[in-house]
Amino acid sequence: MDVVALGGFTSIILESGGANLQAIQGTKFTTGNTLTAALIADSLVKACQKWNQPLKDSTLLIIGSTGDIGSACVRYFSNKVKKNTPYCQKSSPTPPARRTTKIRKGQLSG
Numbered sequence: 155m156d157v158v159a160l161g162g163f164t165s166i167i168l169e170s171g172g173a174n175l176q177a178i179q180g181t182k183f184t185t186g187n188t189l190t191a192a193l194i195a196d197s198l199v200k201a202c203q204k205w206n207q208p209l210k211d212s213t214l215l216i217i218g219s220t221g222d223i224g225s226a227c228v229r230y231f232s233n234k235v236k237k238n239t240p241y242c243q244k245s246s247p248t249p250p251a252r253r254t255t256k257i258r259k260g261q262l263s264g
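All letters in the sequence shown, in the order written, are residues 155 to 264 by my numbering.
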């Protein structure tokens, strides 16, 4: 079985049924985000095994937990770890360009 990861706006094609892609039998299609989340999960499981750290006894911090990749990891590990600690940065009322300007001027606000 072959796996093809597609980036950009191809998730729109896949989510709509991807009729043209179904003609390639034996091949599985995924978006880049899905494949990335799967690789992260697999790598974390293997790292815990290597270091003899059982997942069920672990606390997991996922930074960027509201994004596509982070939220997929949160869902995957939700019943596999002792404690799941999702983290996301709150939106700032200051536009990014103004924040950058303030930081360059030595002001850490925004």
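C-beta: ideal position from N, C-alpha, C; glycine also.
If you're wondering where the values come from, they're calculated on a predicted model, not measured in any experiment.
Between Val235 and Lys200, which are expected to be in contact by the criterion C-beta below 8 Å, what is the C-beta distance as a whole number of angstroms?
In fact, because the Cβ distance is near 15 Å, the residues do not count as touching under 8 Å.
Straight-line CA distance for Tyr241 to Thr220?
Roughly 8 Å between the two C-alpha positions.
Please list, in chain order, all residues of the same chain as Leu198 whose beta carbon is under 7 Å from its beta carbon, the five residues on each side excluded.
Excluding positions up to five away in sequence, the list is empty.
Out of Ser232, Ser225 and Lys237, which has the shortest C-alpha to C-alpha gap to Thr190?
When only C-alpha atoms are compared, the closest one is Ser225.
Can you give the Cα-Cα distance for Trp205 and Thr239, rounded to whole angstroms?
So the alpha carbons of these two residues sit roughly 21 Å apart.
In three-state terms, what does DSSP make of Lys200?
Correct three-state label for Lys200: helix.
Going by DSSP in three states, Lys210 sits in which element: helix, strand or coil?
Lys210 falls in the helix class under three-state DSSP.
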